[in-house]
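Participant: Dropping the structure in here first, questions after.
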Amino acid sequence: MYSFIYLNKAGYNGLWRVNSKGQNNVPYGSHKKINVPEKVIIQDSKYLKENNVKILNQNYTEAITSAKEGDFVYFDPPYIPVNQTANFTNYTPNGFGLVQQKILRDTALQLASKGVNVMLSNADLPLTAKLYSNPEFKIHHVQAKRSINSNGTKRGKVGEVIITTY
51 MYSFIYLNKA GYNGLWRVNS KGQNNVPYGS HKKINVPEKV IIQDSKYLKE NNVKILNQNY
111 TEAITSAKEG DFVYFDPPYI PVNQTANFTN YTPNGFGLVQ QKILRDTALQ LASKGVNVML
171 SNADLPLTAK LYSNPEFKIH HVQAKRSINS NGTKRGKVGE VIITTY
């Protein structure tokens, strides 16, 4: 986990993506000093151990198999592209298109039917609203800060949705 945090902090604009071999392929950022918050990492590690929190490194379809009534599951998928230029969904070799978005939606509904509390985030778009139009979902509109853009003037707040089943 420490290696992941270091690569994230050392990489260009805090970006994470992988190539077709599943390897990180973000260029090195132009940092004079890489700020890895070691005290925070140690505190968080202690909290996770003391509270028996599990962090899984696997496909979400595998990770949720043991979810049961009363559990909380949060999904942060690659967002539905907001336009032709902001359309990157290939964080992994397989990508994450509309078919995968629909599978995720259906998975969230299946979990909710078992009493699992589900939350997910996505871009605030008409397509997102249509995809999550089932009355089981509650859509909350928020503004989120974005700092990953090669053009610093284009960084700023964007519309997102937080979708819940509870």
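Counting with the numbering used here, you get residues 51 to 216 for the letters of the sequence shown. Note that beta-carbon positions come from the ideal geometry of N, C-alpha and C, so glycine has one too.
Taking only the alpha-carbon atoms, compute the straight-line gap between TYR56 and ALA113 and give it to the nearest angstrom.
Facilitator: 25 angstroms
Participant: Considering only the beta carbon of each residue, do LEU154 and TYR216 sit closer than 9 angstroms?
Facilitator: No, Cβ-Cβ distance for LEU154 and TYR216 is not below 9 angstroms.
Participant: What residue does the alpha helix (DSSP H) around VAL90 start on, and which one ends it?
Facilitator: 88 to 100
Participant: Once you ignore the five residues that flank ARG196 on each side, which residues in its own chain have a CB closer than 8 angstroms to its CB?
Facilitator: ARG205, GLY206, LYS207, VAL208
Participant: Secondary structure at GLU210, three-state DSSP: helix, strand or coil?
Facilitator: strand
Participant: Roughly how many whole angstroms lie between the Cα atoms of ASN63 and GLY79?
Facilitator: 7 angstroms
Participant: Within 10 angstroms of the Cβ of VAL90, are there 16 or more other Cβ atoms? Answer buried if so, exposed if not.
Facilitator: exposed
Participant: Following the continuous alpha helix (DSSP H) through TYR56, name the residue where it begins and the one where it ends.
Facilitator: 52 to 60
Participant: Report the partner residues of PHE187 according to the DSSP bridge assignment.
Facilitator: Bridge partners of PHE187: none, in fact.
Participant: Give the secondary structure of ASN63 by DSSP, where H, G and I count as helix, E and B as strand, and everything else as coil.
Facilitator: helix
Participant: Between the alpha carbons of GLN151 and ALA179, how many angstroms are there, rounded?
Facilitator: 12 angstroms
Participant: Quick check: the Cα distance between ASN133 and LEU177, rounded to an integer number of angstroms?
Facilitator: 12 angstroms
Participant: Measuring alpha carbon to alpha carbon, tell me which of SER171, SER70, HIS190, PHE187 ends up nearest ASN144.
Facilitator: Considering only SER171, SER70, HIS190, PHE187, the residue with the shortest C-alpha distance to ASN144 is SER70.
Participant: Tell me, which residues are paired with LYS195 by DSSP?
Facilitator: LYS207
Participant: Out of curiosity, what's the CA-to-CA distance linking GLY147 and GLN108?
Facilitator: Between the alpha carbons of GLY147 and GLN108 lies a gap of roughly 19 angstroms.
Participant: Based on the DSSP secondary-structure assignment, which residues constitute the bridge partners of ASN172?
Facilitator: VAL211
Participant: Tell me which residue opens and which closes the alpha helix (DSSP H) that VAL149 is part of.
Facilitator: Here the alpha helix (DSSP H) through VAL149 covers 148 to 163.
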